[in-house]
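A.B. asks: Residue numbers (the numbering used here), protein chains in the order written: chain A, 588 to 871; chain B, 11 to 354; chain C, 191 to 518.
Beta carbons are placed, not taken as given, at the ideal position from N, Cα and C, and that holds for glycine.
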Amino acid sequence: MTDHLSFQRKATNAVMLISTGVCTVFTVGALFFILGYLLFQGGKDLSWSFFTQLPAPVGEPGGGMANAIVGSAKVLLLATCIGVPIGFLAGVYLSEYGGATYSFIVRFTTDLLNGVPSIVIGIFAFTLIVLRTHHFSAMAGGMALGLMMIPIALRSTEEFLRAVPNSMREGAMALGANKWVTIVTVVIPAAMRGIVSGMMLNLARVAGETAPLLFTALNNQFWSPGWNQPIATLPVMIFTYAISPYPDWHRQAWAAGFILLSLVLVVNITARSIVSSGFSNKPR
Amino acid sequence: MNKLLFISGLAVAALAGSAFPATAQTLINGAGATFPSPIYTKWFVEYHKLHSDVQFNYQPLGSGAGIKQITEGTVDFGASDILLSDDQLKDYENKHHFGVLMFPTVAGAAVPTYNIPGVKTGLNFTAKALAGIFLGTINKWNDPELTKPNPGVKLPNADIVVVHRSDGSGTTFCWTDFLSKISPDWKSKVGNGGSVNWPVGLGAKGSAGVSGQVQQTANSIGYVELIFAEKNNIPYGNVQNSSGAFIKPELSSITAAAAGAAKTMPADFRISITNAPGKTAYPVSTFTWLLIPEQIPDGAKQRDIKDFLHWMLTSGQDMAEPLTYAKLPKEVVAKEEKAIAKVH
Amino acid sequence: MATQAGIAQPIRPGGRVGSFIHNLKTGDDIAYGVVWLCATSIIVVTALLVLELWINSAQARTHFGFDFLITSIWDPMAGKFGALPFIYGTVVSSALALLIAVPLGVGAAIFLAELAPPRLSDLLTFCIELLAAVPSVIYGLIGIFVLIPILEKAVVPALKSSLGFLPVFSGPFYGVSIFSAGIVLAVMIVPFIISVSREVLLAVPRDLREAALAVGATKWESTWQVVVPFARTGIFGSIFLALARALGETMAVTMVIGNTPRIQASLLAPGYSIAAVIANEFAEATGDLYTSALIELGLVLFALTIVLNAAAQLLIMATTAKGAGASR
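Here's what the structure looks like:
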């Protein structure tokens with residue numbers, strides 16, 4: 588009697604545990620499939636002209652995405668210049684200065700901002716900037732993406748600053764440093780690795796965002812000098828080309844996808860290895 | 011730490027440097043119809059080769075977007091095959107205190123494009139058939155309305171998959187304008203516009219999106235500008251015109267439809283040439299317009315836009331036919347040359 | 191600050207103005223001011239965002255009232271705007287995504303937390319978190335060119351031959367559909383479920399597991415009947431998080447859902463989601479009513495994701511605190 592029950596339970600045990608393994612294989616497999624497919628499809632159409640030429644007129648084969656690659660870099664640079672300082676300094680405030688209620692309000696608001704769907708951020712940037720300046724612009728796109736970067740910049744800064752032990756702060760103050768000098772010379776450098784890693788992850792996430800750029804940066808067939816003109820970006824080009832009927836555009840969409848994904852993954856892997864190699868104060 | 015400073019210094023320098031354009035360039039932005047986007051993008055590339063200090067950036071977002079963005083003033087010019095209504099013109103005037111001008115550029119055709127396994131290009135469609143298909147009342151390919159004009163073509167007993175535009179489109183405007191003219195049923199149930207309440211079908215974005223969707227879906231039918239069907243080798247059909255003949259959409263038949271308009275073209279160039287009279291006229295033809303503000307305060311932009319318009323009416327027209335767009339009739343060109351002076 | 195007789199004090203100007211100037215010179219007040227300004231700017235910008243959304247949707251809100259949420263007609267030409275088709279598409283595609291992602295995700299989380307050796311677990315979790323980093327537009331790319339052909343050729347015919355009698359699998363399949371959107375969303379949200387569930391499972395104190403094993407439970411029984419129920423709230427939190435993510439997804443969905451504002455029983459039919467319709471139609475919404483209707487849709491989406499995110503946070507916090515508390 589006991590043996591029979593035991594067998595049934597043993598069988599359930601084996602089956603269920605194996606299923607969980609299968610689930611994991613499935614999920615990890617999905618990642619490798621996506622990577623591999625993109626590598627294969629995108630890699631084979633990567634050519635020098637892709638990196639150096641401007642897009643060809645609608646319907647004509649050839650051309651490249653030189654302006655979109657530079658455009659993405661430009662918009663992301665602006666986004667970083669906006670999102671990182673504000674998020675970082677606000678994180679410093681929450682970790683080092685904040686009073687209980689005001690910090691709560693700031694954190695709550697930041698979480699609210701983080702939860703805004705990216706398309707809604709696009710609407711906001713459109714009504715706030717594009718309509719007022721009468722221009723689709725790299726600036727509007729950069730500001731929309733910068734806004735998306737703020738919550739994560741803030742959270743990762745605060746988290747890693749808090750992890751710095753108080754003894755270091757007190758040591759510095761005992762030597763006569765005032766508060767801001769302590770923070771700048773002792774606390775921040777101690778948390779630097781984690782903060783940089785967080786910023787890199789942030790950048791990688793925002794690099795792939797398309798929706799906020801649709802009605803802010805728009806798109807451009809040519810180079811886009813300055814900050815006040817529409818600008819081509821990789822995600823928007825991928826979207827435009829993917830839904831078109833031209834096989835040549837499809838090939839270019841794959842190549843662009845390959846480049847975008849490679850960059851995002853390289854930054855992600857680098858960022859995570861910065862943190863895991865050495866400084867990790869997360870309690871387990 | 012020093013390395014970090016150096017790199018961030020470089021970044022800031024690059025940031026500052028890129029704020030100043032390399033040479034004094036006039037950058038003009040426009041958005042609008044996908045219908046003429048092959049010829050417009052070609053024109054702008056060619057014009058840029060001739061005038062390297064002027065850059066026209068055109069984004070084919072759809073006629074609806076073209077109208078909206080020019081009205082909001084976020085672009086320097088718009089493009090639309092949707093005829094601006096009196097309300098829309100008034101809307102523009104209220105916002106800007108001056109008007110917007112419509113300049114026809116080329117004429118094109120909206121063609122019924124389909125993907126039926128085994129059926130080649132050149133299927134004949136009666137006006138009734140098209141209305142029925144898009145209303146959803148005719149839903150099988152071997153319906154008598156479709157088989158009768160096509161003896162010798164084996165049409166399958168399969169469901170018709172309708173593909174239409176999901177965005178505000180001049181191609182839709184032209185298509186529904188035609189359907190409203192030939193089908194009182196369509197006119198009452200759906201009507202005419204850039205974006206309608208489609209009784210059946212899948213939505214796709216842009217002429218490019220519709221061609222893509224038709225390409226990928228068996229037994230489907232959509233409507234796109236002629237060049238999209240041709241360039242992508244998707245079969246397209248002939249449509250019966252008001253004289254009863256099945257007309258192939260091509261240069262000659264579109265030109266025939268546009269020719270009639272030469273005499274009746276109003277001063278503001280707003281005219282519909284669907285179901286045009288004439289034995290050889292293709293019935294689903296339409297002009298497409300550039301939307302230019304009456305007043306352009308920026309001197310350089312004003313000069314360049316007017317110069318482009320002149321170029322478009324002369325050298326530009328010669329590029330239209332290789333892309334299967336019909337040239338403007340001579341009388342219309344003359345009228346437009348005079349109208350350019352209105353932009354100040 | 192009162193000076194005390196006989197005790198040496200640094201020479202500084204007296205009074206509040208004096209100490210303010212002193213602090214200014216030492217930089218602490220400036221530093222405080224700067225960081226405070228940054229923190230406040232976030233509040234200001236977010237408030238501005240909510241305000242803009244609210245004001246710009248006013249026309250639609252007053253015009254349609256509550257009916258906006260239950261009308262199923264979306265006819266820009268006629269000026270009739272109803273949100274129901276988009277709410278339906280958003281909810282159904284997300285629900286389908288959860289249906290697929292939750293068992294997959296929780297199963298994988300259990301494996302990673304309970305069974306896998308720590309280093310393998312870390313490595314695999316690392317790989318899975320990379321999935322979360324893949325941009326939405328690339329999921330859309332793979333959705334159009336890889337997933338949909340596979341569905342058309344293999345999966346849907348099999349589905350239809352076995353379960354085709356069910357209304358949810360009835361009707362023709364054109365590739366773009368709520369079904370395709372649901373599957374793409376599932377792959378996009380499963381990393382979130384795995385990542386958070388794994389964390390909460392790891393937070394469950396060892397004693398509980400060991401106690402179950404001590405009374406003779408198998409590994410599975412210990413996991414499923416003791417550990418998982420303990421971490422249940424946190425797992426629900428991860429599901430809410432994933433759902434909030436799925437609701438707001440724009441690009442991948444708009445590329446595979448079919449962009450048809452119609453409510454149909456079959457999952458194989460095309461549909462439309464809130465984020466997708468805003469992405470497609472915002473640039474061309476002529477007329478203030480049309481624009482404000484789209485913005486009202488944005489507001490609805492925003493409200494949904496806020497509520498879900500808040501609930502998720504509370505649930506996850508509750509579980510990890512519970513775990514930390516119980517291990518005392």
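Counting only beta-carbon separations shorter than 9 Å, does V380(C) have a partner in chain A?
C.D. replies: Taking the first residue of the third sequence as position 1, residue 380(C) is located at position 190. By this cut-off, V380(C) is an interface position.
A.B. asks: Show which residues of chain B have a CB atom less than 7 Å away from the CB atom of A475(C).
C.D. replies: Counting from one through the third sequence, the residue named residue 475(C) turns up at place 285. Chain B residues near A475(C): K78.
A.B. asks: With DSSP collapsed to three states, give me the class of C325(C).
C.D. replies: Sequence index remark: in the third sequence, residue 325(C) carries index 135 (1-based). The amino acid at residue 325(C) is misidentified as Cys; the sequence shows Pro. Three-state DSSP puts P325(C) in coil, outside helix and strand.
A.B. asks: Going by CA-CA distance only, name the one from W244(C), Y222(C), M378(C), T423(C) that's closest to A511(C).
C.D. replies: As a position in the third sequence, residue 511(C) is number 321, starting the count at 1. Of the candidates W244(C), Y222(C), M378(C), T423(C), the one whose C-alpha sits nearest the C-alpha of A511(C) is T423(C).
A.B. asks: May I have a chain-ordered list of the beta strand (DSSP E) segments no shorter than 3 residues that lie completely inside the region 233-298 of chain B?
C.D. replies: Those beta strand (DSSP E) runs which fall completely within the region 233-298 of chain B and span 3+ residues are 248-250.
A.B. asks: Please give the ranges of any alpha helix (DSSP H) in the region 649-691 of chain A, keeping only runs that are unbroken, at least 4 residues long and fully inside the region.
C.D. replies: Runs of the alpha helix (DSSP H) inside the region 649-691 of chain A: 653-679.
A.B. asks: What does the Cβ neighbour count give for A798(A), buried or exposed, with the cut at 16 atoms within 10 Å?
C.D. replies: Here residue 798(A) is taken as the residue at index 211 of the first sequence, counted from 1. Classification for A798(A): buried.
A.B. asks: P419(C) to S428(C), Cα distance in whole Å?
C.D. replies: Here residue 419(C) refers to the residue found at position 229 when the third sequence is read from its first residue. Here residue 428(C) refers to the residue found at position 238 when the third sequence is read from its first residue. When rounded, the distance between both Cα atoms is 14 Å.
A.B. asks: With distances taken Cα to Cα, identify the nearest neighbour of G216(B) among I350(B), Q225(B), F188(B), T181(B).
C.D. replies: Position 206 of the second sequence, counted from the start, is the residue given in the question as residue 216(B). When each option's Cα is compared against that of G216(B), the closest is T181(B).
A.B. asks: Could you confirm whether any beta carbon from chain B is found closer than 9 Å to the beta carbon of N855(A)?
C.D. replies: Against the first sequence, residue 855(A) aligns to sequence position 268. False, the Cβ-Cβ gap to chain B never drops below 9 Å.
A.B. asks: Leaving aside the five residues before and after G434(C) along the sequence, list all residues of the same chain whose C-beta is less than 6 Å from its C-beta, in chain order.
C.D. replies: Residue numbering aside, residue 434(C) sits at position 244 when the third sequence is read from its first letter. The identity of residue 434(C) in the sequence shown is Ala, whereas the question assumes Gly. Same-chain partners within the cutoff: T495, L498, N499.
A.B. asks: Quick check on DSSP: helix, strand or coil for G118(B)?
C.D. replies: To locate residue 118(B), count along the second sequence from 1; it is residue 108. Strand at G118(B).
A.B. asks: Once DSSP output is grouped into helix, strand and coil, what is the label at N765(A)?
C.D. replies: Numbered from 1 along the first sequence, position 178 holds the residue referred to as residue 765(A). Residue state, collapsed to three classes: coil.
A.B. asks: Span of the beta strand (DSSP E) holding P817(A)?
C.D. replies: Position 230 of the first sequence, counted from the first residue, corresponds to residue 817(A). That residue, P817(A), is in no beta strand (DSSP E); it is neither H nor E in DSSP.
A.B. asks: Name the chain C residues that come within less than 7 Å of T227(B), Cβ to Cβ?
C.D. replies: Looking up residue 227(B) in the second sequence gives position 217. Chain C residues near T227(B): Y364, G365.
A.B. asks: Which residue or residues does DSSP assign as beta-bridge partners of L300(B)?
C.D. replies: In the second sequence, residue 300(B) corresponds to position 290, counting from 1. Note: L300(B) sits in a beta bridge opposite A89(B), F113(B).
A.B. asks: Among S190(B), V220(B), V172(B), P159(B), whose alpha-carbon lies nearest the alpha-carbon of S179(B)?
C.D. replies: Walking along the second sequence from the start, residue 179(B) turns up at place 169. Checking every option, the nearest Cα to that of S179(B) belongs to V220(B).
A.B. asks: For a contact meaning CB atoms closer than 7 Å, what does Y222(C) contact in chain A?
C.D. replies: Taking the first residue of the third sequence as 1, we reach residue 222(C) at position 32. Going along chain A in sequence order, the residues near Y222(C) (Cβ under 7 Å) are Y684.
A.B. asks: What residue range is occupied by the uninterrupted beta strand (DSSP E) comprising R175(B)?
C.D. replies: Working through the second sequence from its first residue, we reach residue 175(B) at position 165. Element bounds for R175(B): 171-175.
A.B. asks: For S252(B), which residues from the same chain have a beta carbon less than 6 Å from its beta carbon, with the 5 sequence-adjacent residues on both sides left out?
C.D. replies: The residue given as residue 252(B) occupies position 242 in the second sequence. Excluding residues within five positions, the ones whose Cβ falls inside 6 Å are N285.
A.B. asks: Which bits of chain A does Q503(C) rub up against, with CB to CB less than 8 Å?
C.D. replies: Position 313 of the third sequence, counted from the first residue, corresponds to residue 503(C). Residues of chain A passing the Cβ test: D698.
A.B. asks: Using DSSP with H/G/I as helix, E/B as strand and the rest coil, what is V751(A)?
C.D. replies: Within the first sequence, numbered from 1, the residue matching residue 751(A) stands at position 164. Residue state, collapsed to three classes: coil.
A.B. asks: What span of residues does the beta strand (DSSP E) with I38(B) cover, start to end?
C.D. replies: The sequence position of residue 38(B) within the second sequence is 28, counting from 1. Per DSSP, I38(B) belongs to the beta strand (DSSP E) from 36-42.
A.B. asks: Under a CB-based cut-off of 9 Å, is P31(B) close to chain A?
C.D. replies: Here residue 31(B) corresponds to residue number 21 of the second sequence, with the count starting at 1. In this prediction, P31(B) scores a pLDDT of 46, lower than 50, which makes its location untrustworthy; no coordinate-derived value is stated.
A.B. asks: So with Cβ pairs under 9 Å, would you call V707(A) a contact of chain F?
C.D. replies: Protein chains in the displayed structure are A, B and C, and chain F is not among them.
A.B. asks: For V225(C) and E103(B), I'd like the C-alpha separation in whole angstroms.
C.D. replies: Residue numbering aside, residue 225(C) sits at position 35 when the third sequence is read from its first letter. Residue numbering aside, residue 103(B) sits at position 93 when the second sequence is read from its first letter. V225(C) and E103(B): Cα-Cα distance of roughly 47 Å.
A.B. asks: Please list the partners that L212(B) has in chain C, where partner means a Cβ-to-Cβ separation under 7 Å.
C.D. replies: Residue numbering aside, residue 212(B) sits at position 202 when the second sequence is read from its first letter. Going along chain C in sequence order, the residues near L212(B) (Cβ under 7 Å) are Y364, V366, G448, T450, P460.
A.B. asks: Using DSSP's beta-bridge definition, name the partner residues of T123(B).
C.D. replies: As a first step, residue 123(B) is located in the second sequence; it is residue number 113 there, counting from the start. Paired residue(s): G232(B), Y246(B).
A.B. asks: Strictly below 9 Å CB to CB, what residues from chain A border G330(C)?
C.D. replies: Translated into the one-based positions of the third sequence, residue 330(C) becomes position 140. Correct list: T797, I825, F826, A829, I830.
A.B. asks: For the candidate residues P307(B), F279(B), P276(B), I257(B), whose alpha-carbon lies nearest to that of G288(B)?
C.D. replies: Here residue 288(B) is taken as the residue at index 278 of the second sequence, counted from 1. Among P307(B), F279(B), P276(B), I257(B), the Cα nearest to that of G288(B) is on I257(B).
A.B. asks: Identify whether Y335(B) lies in helix, strand or coil by the three-state DSSP scheme.
C.D. replies: One-based indexing of the second sequence puts residue 335(B) at position 325. It is coil, neither helix nor strand.
A.B. asks: Along chain A, in chain order, which residues have C-beta atoms closer than 8 Å to that of G222(B)?
C.D. replies: Residue 222(B) sits at position 212 when you count from the first residue of the second sequence. Result: I830, S831, P832.
A.B. asks: Can a CB atom of chain C be found closer than 9 Å to the CB of H721(A)?
C.D. replies: Translated into the one-based positions of the first sequence, residue 721(A) becomes position 134. No, H721(A) does not count as interfacial toward chain C.
A.B. asks: Give me the Cβ distance between K52(B) and M329(B), rounded to the nearest whole Å; I'm assuming they're in contact under 8 Å.
C.D. replies: In the second sequence, the residue the question calls residue 52(B) occupies position 42. In the second sequence, the residue the question calls residue 329(B) occupies position 319. Indeed they touch by this definition, with Cβ atoms about 6 Å apart.
A.B. asks: Between which residues of its own chain and G279(C) is the CB-CB distance below 7 Å, once the five residues before and five after are set aside?
C.D. replies: Position 89 of the third sequence, counting from 1, holds the residue named residue 279(C). Correct list, in chain order: I368, I447, G461, Y462, S463.
A.B. asks: Tell me whether A351(B) is buried or exposed, calling it buried when 16 or more other Cβ atoms sit within 10 Å of its Cβ.
C.D. replies: Within the second sequence, numbered from 1, the residue matching residue 351(B) stands at position 341. So A351(B) ends up on the exposed side.
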